[in-house]
Structures are given as C-alpha cells and as structure tokens.
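Per our numbering, residue 11 is the first one in the sequence shown, and the count goes up by one each step.
The beta-carbon is built from N, C-alpha and C at its ideal position, and this holds for glycine as well.
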Amino acid sequence: MPRRSDLESILVIGAGPIIIGQACEFDYSGAQACKALREEGYKVILVNSNPATIMTDPEMADVTYIEPITWPMLAKIIERERPDALLPTMGGQTALNCALDLAREGVLNKYDVELIGASKKAIDKAEDREKFKAAMTRIGLASARSGIAHDLEQALEVQAEIGFPAVIRPSFTLGGTGGGIAYNRDEFVEMCKRGLDASPTRELLIEQSLRGWKEFEMEVVRDKKDNCIIVCSIENLDPMGVHTGDSITVAPAQTLTDKELQIMRDASIAILREVGVDTGGSNVQFAINPDDGHMIVIEMNPRVSRSSALASKATGFPIAKVAAKLAVGYTLDELKNDITGGATPASFEPTIDYVVTKVPRFAFEKFTQADDRLTTQMKSVGEVMAIGRTFQESLQKALRGLETGVDGFNLKTVDPDTIADELAYPRAERLWYVADAFGIGMSLEEIHLHTRIDRWFLAQIKEIVDTELSIEKRKLDDFGADELRSLKRMGFSDRRLAHLWKKTEAEVRARRHALGIRPVYKRVDTCAAEFATRTAYMYSTYEDECEAQPTGRKKVIVLGGGPNRIGQGIEFDYCCVHAALALREDGYETIMINCNPETVSTDYDTSDRLYFEPLTLEDVLEIVHVEKPYGVIVQFGGQTPLKLARDLERNGVPIIGTTPDMIDMAEDRERFQHLLHDLKLRQPPNRTARTESEAMIAAKEIGYPLVVRPSYVLGGRAMEIVHEQRDLERYMREAVKVSNDSPVLLDRFLNDAIEVDVDAVVDNHGDGKDVIIGGIMEHIEQAGVHSGDSACSLPPFSLSKELQDELRRQTVAMAHGLDVVGLMNVQFAIQFPDHENAGKGVVYVLEVNPRASRTVPYVSKATGRPLAKIAARCMVGQTLAQQGVTGEIVPPYFSVKEAVFPFIKFPGVDTILGPEMKSTGEVMG
Numbered sequence: 011m012p013r014r015s016d017l018e019s020i021l022v023i024g025a026g027p028i029i030i031g032q033a034c035e036f037d038y039s040g041a042q043a044c045k046a047l048r049e050e051g052y053k054v055i056l057v058n059s060n061p062a063t064i065m066t067d068p069e070m071a072d073v074t075y076i077e078p079i080t081w082p083m084l085a086k087i088i089e090r091e092r093p094d095a096l097l098p099t100m101g102g103q104t105a106l107n108c109a110l111d112l113a114r115e116g117v118l119n120k121y122d123v124e125l126i127g128a129s130k131k132a133i134d135k136a137e138d139r140e141k142f143k144a145a146m147t148r149i150g151l152a153s154a155r156s157g158i159a160h161d162l163e164q165a166l167e168v169q170a171e172i173g174f175p176a177v178i179r180p181s182f183t184l185g186g187t188g189g190g191i192a193y194n195r196d197e198f199v200e201m202c203k204r205g206l207d208a209s210p211t212r213e214l215l216i217e218q219s220l221r222g223w224k225e226f227e228m229e230v231v232r233d234k235k236d237n238c239i240i241v242c243s244i245e246n247l248d249p250m251g252v253h254t255g256d257s258i259t260v261a262p263a264q265t266l267t268d269k270e271l272q273i274m275r276d277a278s279i280a281i282l283r284e285v286g287v288d289t290g291g292s293n294v295q296f297a298i299n300p301d302d303g304h305m306i307v308i309e310m311n312p313r314v315s316r317s318s319a320l321a322s323k324a325t326g327f328p329i330a331k332v333a334a335k336l337a338v339g340y341t342l343d344e345l346k347n348d349i350t351g352g353a354t355p356a357s358f359e360p361t362i363d364y365v366v367t368k369v370p371r372f373a374f375e376k377f378t379q380a381d382d383r384l385t386t387q388m389k390s391v392g393e394v395m396a397i398g399r400t401f402q403e404s405l406q407k408a409l410r411g412l413e414t415g416v417d418g419f420n421l422k423t424v425d426p427d428t429i430a431d432e433l434a435y436p437r438a439e440r441l442w443y444v445a446d447a448f449g450i451g452m453s454l455e456e457i458h459l460h461t462r463i464d465r466w467f468l469a470q471i472k473e474i475v476d477t478e479l480s481i482e483k484r485k486l487d488d489f490g491a492d493e494l495r496s497l498k499r500m501g502f503s504d505r506r507l508a509h510l511w512k513k514t515e516a517e518v519r520a521r522r523h524a525l526g527i528r529p530v531y532k533r534v535d536t537c538a539a540e541f542a543t544r545t546a547y548m549y550s551t552y553e554d555e556c557e558a559q560p561t562g563r564k565k566v567i568v569l570g571g572g573p574n575r576i577g578q579g580i581e582f583d584y585c586c587v588h589a590a591l592a593l594r595e596d597g598y599e600t601i602m603i604n605c606n607p608e609t610v611s612t613d614y615d616t617s618d619r620l621y622f623e624p625l626t627l628e629d630v631l632e633i634v635h636v637e638k639p640y641g642v643i644v645q646f647g648g649q650t651p652l653k654l655a656r657d658l659e660r661n662g663v664p665i666i667g668t669t670p671d672m673i674d675m676a677e678d679r680e681r682f683q684h685l686l687h688d689l690k691l692r693q694p695p696n697r698t699a700r701t702e703s704e705a706m707i708a709a710k711e712i713g714y715p716l717v718v719r720p721s722y723v724l725g726g727r728a729m730e731i732v733h734e735q736r737d738l739e740r741y742m743r744e745a746v747k748v749s750n751d752s753p754v755l756l757d758r759f760l761n762d763a764i765e766v767d768v769d770a771v772v773d774n775h776g777d778g779k780d781v782i783i784g785g786i787m788e789h790i791e792q793a794g795v796h797s798g799d800s801a802c803s804l805p806p807f808s809l810s811k812e813l814q815d816e817l818r819r820q821t822v823a824m825a826h827g828l829d830v831v832g833l834m835n836v837q838f839a840i841q842f843p844d845h846e847n848a849g850k851g852v853v854y855v856l857e858v859n860p861r862a863s864r865t866v867p868y869v870s871k872a873t874g875r876p877l878a879k880i881a882a883r884c885m886v887g888q889t890l891a892q893q894g895v896t897g898e899i900v901p902p903y904f905s906v907k908e909a910v911f912p913f914i915k916f917p918g919v920d921t922i923l924g925p926e927m928k929s930t931g932e933v934m935g
C-alpha cells in the first residue's frame, strides 16, 4: 500500500542531550527519519533541545523547535502547529516517555494527533515490566523469575522469594538507569531506593540474576501486512549481568546452532506480533543458559535503539529510514534497498559475509571515585565498531580504534592474583586481563569458569596470544610474505607487531610494503556480493580482490572523531558532517574515515565514500594510497585527527587548512608564548616544567593558586587547580604519568575572572586573510570551570562594547599570527581590578585552538550561520567574500547553552565542577 495521503504534517520528537545510554545514535536515526518523511512530501515538525545535532539543522525539518522535551512544552507546540501525527520512536526513551505523557494527559485526543510507528498500547505493553511478562507467558515464552514492586516493602518481599544476587530494573528508564545487581541486603535497599526515584511510574522489576548466561539481540522490522525481517543477530561476548551497551558485541551471532537461531527468530517475530509493533523496528533481547540451552526473553524496545544504529551500520540496512516509511503506510516489499541501487526490495533480509565487533569506550579516568564494575546500569560513554573477514581481525581492529593507547592485547599485568580478581568481576579492561591470563599459562577452562565468556571466543583470543608469544621470539626479517600476510589477516596492526619485534612502526610498514602486502577494500552491500552495489561503503581486509574502485575525481578526505568520549563528542561529528556536505555540494568527491557506529558521519549517504576504519596512522595511510586525495581535513574531528596530522604530513599526505606546524605552535606552550609576546597580548603568568623540582621552582615564581595540566589534552584531562605546595607535589606524582614525555604546564589561576569563548572562521586569499567572528560567548560559571561544563550566553550579557571589540581585535591578530585557514576558537579570561569601571577589564588569552571547537554547532544554531560549512569551503580555497559571508551576526535574542552531567550513573562521585570536563552533552534555550 502506498503512503498515507490522509496525513500532511508529522511531529518528530528528538532525544535531547547526549547522556550515558542515549547518545548520538538518536541523532542518526532522527536525521534519517526526517529525511525519509520529507522525501515523501510530508511537513516535518521537529522538537529537540540539543543544538549539537544534525537533525536540528534548519534544512532537516520544515519547522524546528529547540525546546525542552517535556509534555507541557510539546502541548504548546502541538496547539500551535496542529500536526496530524506524532512519531515517537526515533528519540529514544525520552521521546517514548514524552509521547506516553501526552497521551495520558489527553493532549493527543484534544488536538486529534495520531501516534504512528508505535501505538500507546504497544509502548505500554513493551515498557511496563508486568504487562510484558504477562504477554510473554501468553505466547508460551519464558521470562526470568521476577516480581513487581512499587515500594521498598514490596521489593523485599519479592527478593525473599528470588534470593541473591537479584537484578533491579526500573520501568520506563534508559540504559538501565537506577538499576543494578545486588549481592546483599544493604546493596539491594540502596538500589531499590535509587530505582524507585529513577522510574517515572515508581515501578521496579526485581528478577533472578542470570549471570553467566549468554546474551543475544535480534533486530526485527515488521510492517502492517505482517511482513517481518530479521535485520541482524547480535551476540554479546560478555555474558548476562553486563548492560548490552557496556558489552563487547559481535554480529552476526557466532556461537548459536542453526536450530537455536531459528527458534530465536521465530520468538522475536512472535513477540512483535503480540506486543503490537506493526510499523517499524524493534530490538528483542534473549538469554540462553549455556549448560542446557534453555532460552528466556529479557526485554524488547518498541523503537529504534543503540543496537539498531549498530545493526544499520553493520549491515548497511537503514533501519530508521525504513521504519519511518513503514510508519506512514508503506510495506517492506514496496521499499527499495538503496545500497543495491533498488535491485532488491527492503523485504530482503541482509546477508553479511564479514564479522562486526563493537567495543565500548569508558570514562572512569574522569570519575576516579566511581564504582567501575560493570552491571545492568550502562556506564560507557562511546563505542567503536570494526569490520573484518574474521572475528579476530575485527576484534583487533576495534581495539586499536578505541584510542586508549592500546593497539591490540597490550600487556596489563603478569600477577596471577590481580588477573584472577579482574577476571571475576567484569570491568572496562577485562578483555585484556583474559589475554594476560592466557599469557601466564591459565587454561581455557579456568578462564571460562571465572568469566563465563563462551569457550569459542576464548579460543579465538588464545590463538592471538599464542601467536604473539611465538612471533616475539623471532625477528622481523625472518618473516616472508605468506607469514606476514597471515598475521595481518588476524588483525595485527603494524604498531603491535613493531612492539613485539622491538622495531618502529615505520620499519614494519616498510617491510610489509617491500613484500607487496597491502590491504584490499571490500564493500558493505547487504547481500554478500550477490548484487552489484552503487554505494561505496568500505572496510579493509587482507585478501586478493579489491572492490574500492577509486574514481579520478578531485577528492577530499575528512577524518572523523572516532569513539565518543567526555570532551570529544557529537559536536565534532557535526562539524565533520558539515564539511562533507559542503564540499559535496561544491562538486568534490568526499571521503569519510571514521569508526563510530552511532554517528551521522558514518551513514552511507553522508559522504560519497565511507571507509569504516580505525583512525590510526596505518589505516589512514593505506586509504590515502588507494584514493590519492587532493587534500585531507584534520581540523574537524577533535584531538583524534590532530594527533595524526604531523605523521601524515611527514608521509607526504596533503593536509589542507591550518598547517600541522601552526596547530603545533598553538599547542606548544613555549612557541605560543613567543607569538603572544610578538603580538603584545597578555597571558596569565605561566611556566613549563618537566620534573617535580622544576615545577616547585616555577610555582614559587608565579605564585598560587595555579592551574596545572599536561600539554596536548582535550576535555581538560588531568587538569587541576592547586592552592598550595602540598597539592602540587601530589599532582606531579600522579599526573606526570599522563604526559607521554610531554611537559606539565603551570598557569596562574585568575580569581574572580569572567571566561569568554570566541569562535571565528578565517580564509586565505592572495592579498592576505579575512577573519569573520562567528560568535562571542560569555561563560556563566567563573573561570576555572572547564568551558565544556560551563553554561554560556550568546551574545554576552555583561561585557561592554569596548571589551567585545578588544576581544575581536585580539582574535583577528592571533588568526593572522597563526596563519589559520578554517575554524579557530579562542578562550579569554577578563579580570576587573577596578570594580567601579566595568569597561576597563584586563584581557588575558588562556588558549587558542586552530580547529573546530565544541561550541561550533551551538554558535551555528544561535546565529543561523553554518560555520563548519563555511570553514570547509575556506580550506579548499574559497574566500569568505566569494561565499557571501560578511560581517558578524549578533542575534537580537539571547541563546544559552547548558551542560548535562552523568552523575546519576556514578553515585558517590564528587559533583563539584573544576577544570577537568565531566559533562556528556548539552542543551540550548
């Protein structure tokens, strides 16, 4: 049946700020849904409070509201816009809960708004733990032994029947918020109190712990004619007890028998029918007892989820786009598969001839007091995905894509007691301790008993460790082409091999190239190469046939930001997407390299060509070798590509925009000091120290309080304010480890100063440079709170015109001095020694970043000027004048950005803000 003609306008609810458990995968799904609905001619009204999203760009919807996602606010928008329908399945738990509130409060009935994608009844049945359990019993599927509680007394009664350990799951929450596994009464009481507060309906499900059972997920899509397809099966490497968002996951499932897989398929489809999801995607989670094969249903999400974003990227099947079209009346057989150029319909289940591994990225270094044991409450802040022909290849690629300083199974310890402790409790680094356990001779059976990880996965890891132990004893030159190629097929990076052979990465690369060993690129095509594919979505592997087929067009590579983390999140992905879109509009072929499955940048239609690869020197150089680009952009992906810039340049890669040398000048304290001295600009008194004694002498010269930090960090990593010598001594002992042989920077801390951020775009033309100020933002918190954690206002609310003009003058001077081309961000602090005269502040330069900053999306939304697109065009040689960009836009209204924090996930962590960034997301009003 074709699209519904009785609907004209559709309201889409976004997911709001990035929080743990609800990250930029919902920007990806929301952006896809908006595009799909507009393609069909509907008027799209979007509500989202997060300015750092692609979906809130003006061209994504007909009307965009950057407003809080609460039912009273949505009621006002519905009253004003009068949409015909509401699509609540694209904005995570936030959107679902808000839609239920609107239905409950009678708003949808009053204005005759239809819920599409999922009915109120279906959402209720899937999300209400008691109703879901009853529904499973009706269709003959088993659930865990459990009971429902609405207060502590009821919870203790249920627990008495179930015993310990007990799992606490609050209803209608996301990422397991407020839940956990309790091993004794004290933990149980505390978790229940937290869970009752977290659940909007004050309802808890208390269930038996299935720790050690295997966990699986099915991504299912169903249309209104009851056509169902399984897009992807996903297996969790970590057994039950770890939230699936914190688990290493593998697609397709590796350890199920064909019979088990068929039973799970049939059960998934039966669950969608029973719950009543009739137009769209859902995710169903199962547990299987490895001892007897007994299967139970854990839960389902009647919406697109984190897993559906992963499944979409893993298979090339755009679940959110298809779900949006099914919600307006299409059936699966009527929709064409984009990737095969319409040769197959969407009702063809994807077939994949490769293995995908997702590994989560954690931020416990930011929350040192947090309990780092992994439980049913999600704690990871990002994830990386890798594709390989084997599990070993995709796992090793994912590990090096994490950017945590590892390039494979780097040794953690050889101490048997530490290893035994780390195996018993799942923590962020358990996988490395599994490898260490094999390294010291523990048996596979022993490790399985400790971890309950399936023996098949353990055997794969053991093979990697055994290979490392055997090659360590030999030299690089002993290896011929066949042996080296088989190591590369197992996923070993040049850098890991260099470490094992005590060589440099460059020596291993030279030897590999001399033997003629280079990767080939295969396409993700949804059909295991059965049909030709028009979409260039690639991954590397070491085989014979290359499917890259590079073109002869003028092309630009954009390096993405890798996995999300605190300090480097969706804001940088936003800039990468804008760069790709702008250059594509201008006729360049755009090539994206990134390994983050949650983002819009890794959508197959954001750029002309997508390489789903880790952002390491080896992986980028091999792609450059195949593609031969006109230029590579390193300015938009945060610290990740910047760290590669100098090595890429040394290897002859053309970097466009600000040169790596000038980026280094801004980061290198001593060089930057000389520049400011030449420009006659002020900095707070500062020194650089390489040892503890140097730091003590420097501190005496500058005077306390001090801000101390390592050089080259993002998100204020390991940054502190110290007030006396004792604090400084402790810091130097603990923090010098952070500084890969880099010095520690000491600055005088400016008391009672106002901090200001300025974003600017700079072009480069024959006669010099033009600089345009994107926006001046005044921080609301005092100086000393990391700029990513501080609320700020555009335009400034307390700075005089003279002061703002002085900030503009200094920004322009530094843009010229650093020879910036593209984006730059300057952080200033202003002190007012003469309190009577507010116009006479003293301006200090805190730092300059000649790259995209996390404020770019917010400034772009506040002023209506797409800074990242303008900057990308400047980098390929267009001037600001040619783009028609003249003069600064100062809006006649105030826009305020406020940070969003994850402290609910880390009880017991100090919530006082300082120079180290702790927020995961932001909202704008």
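- Contact check for Arg533 and Glu557: beta-carbon distance about 5 Å, within the 8 Å limit, so the pair qualifies.
- Contact between Val307 and Ser181 fails: their C-beta atoms lie close to 16 Å from each other, not under 8 Å.
- Under DSSP, Asn859 shares a beta bridge with Asn835.
- Judged by DSSP in its simplified three-state form, Ala152 adopts coil rather than helix or strand.
- Taking the Cβ atoms as the reference, Ala909 lies roughly 33 Å from Asp780, outside the contact range of under 8 Å.
- With a cutoff of 9 Å on beta-carbon distance, Pro607 and Val394 are scored as near each other.
- The segment 24-35 and the segment 55-68 touch, with no fewer than 3 CB-CB distances between them shorter than 8 Å.
- Taken in chain order, the unbroken stretches of alpha helix (DSSP H) that lie wholly in the segment 176-232 and span 4 residues or more are 195-208.
- With a threshold of 16 other beta carbon atoms within 10 Å, Asn119 falls short and is exposed.
- In this structure Val424 is exposed. Its beta-carbon is surrounded by fewer than 16 other beta-carbon atoms within 10 angstroms.
- Counting the other CB atoms within 10 Å of its CB gives Glu413 a total of 16 or more, which places it among the buried residues.
- When DSSP assignments are scanned along the segment 405-479, no uninterrupted stretch of beta strand (DSSP E) that is 3 or more residues long falls wholly within it.
- The alpha-carbon separation between Glu77 and Ser929 amounts to approximately 20 Å.
- Between Arg48 and Gly339 a beta carbon distance of about 16 Å is seen, past the 8 Å cut, so the two are scored as non-contacting.
- Assignment of Leu494 by DSSP, reduced to helix, strand and coil, places it in the helix class.
- For the options Ile782, Ala793, Leu809, the alpha carbon positioned closest to that of Val869 is the one of Ile782.
- Per DSSP, the continuous alpha helix (DSSP H) segment holding Asn119 begins and ends at 117-120.
- Partner residues in the beta bridge of Glu124, as assigned by DSSP, are Ala95.
- Rounded to whole angstroms, the separation of the alpha carbons of Phe419 and Ala396 is 16 Å.
- The beta carbons of Leu166 and Lys203 sit about 12 Å from each other, so the pair does not count as a contact at 8 Å.
- Distance check between Leu685 and each of Pro695, Arg697, Met672 places Met672 closest, using alpha-carbon atoms only.
- Restricting attention to beta strand (DSSP E) runs no shorter than 3 residues, the segment 633-710 encloses them at 641-643, 696-699, ordered along the chain.
- For Gln295, the enclosing beta strand (DSSP E) has its first and last residue at 290-298.
- Collapsing the DSSP output to three states places Gly255 in a helix.
- With 16 or more neighbouring CB atoms inside 10 Å of its own CB, Thr536 falls in the buried class.
- Secondary structure of Asn107 (DSSP, three-state): helix.
- For Thr367, the uninterrupted beta strand (DSSP E) segment begins and ends at 365-371.
- Apart from sequence neighbours up to five positions away, the residues of its chain that approach Ala408 with a beta-carbon distance below 6 Å are Thr367, Val369, Val394, Ala396, ordered along the chain.
- The C-beta of His458 has 16 or more other C-beta atoms within 10 Å across all chains shown, which makes the residue buried.
- Taken atom to atom, the span from the alpha-carbon of Thr545 to that of Ile471 is near 33 Å.
- When rounded, the separation of the alpha-carbon atoms in Asp343 and Ser317 is 24 Å.
- DSSP places Arg875 in the coil class of the three-state scheme, outside both helix and strand.
- Beta-bridge partners of Lys53 (DSSP): Ser19.
- By the C-beta density criterion, Ile707 is exposed, having fewer than 16 other C-beta atoms within 10 angstroms.
- The residues Thr698, Leu755, in chain order, have a CB closer than 6 Å to that of Arg679 in the same chain once the five nearest residues on each side in sequence are set aside.
- Taking 9 Å as the cut-off, the beta carbon of Phe401 is found no closer than this to the beta carbon of Pro360.
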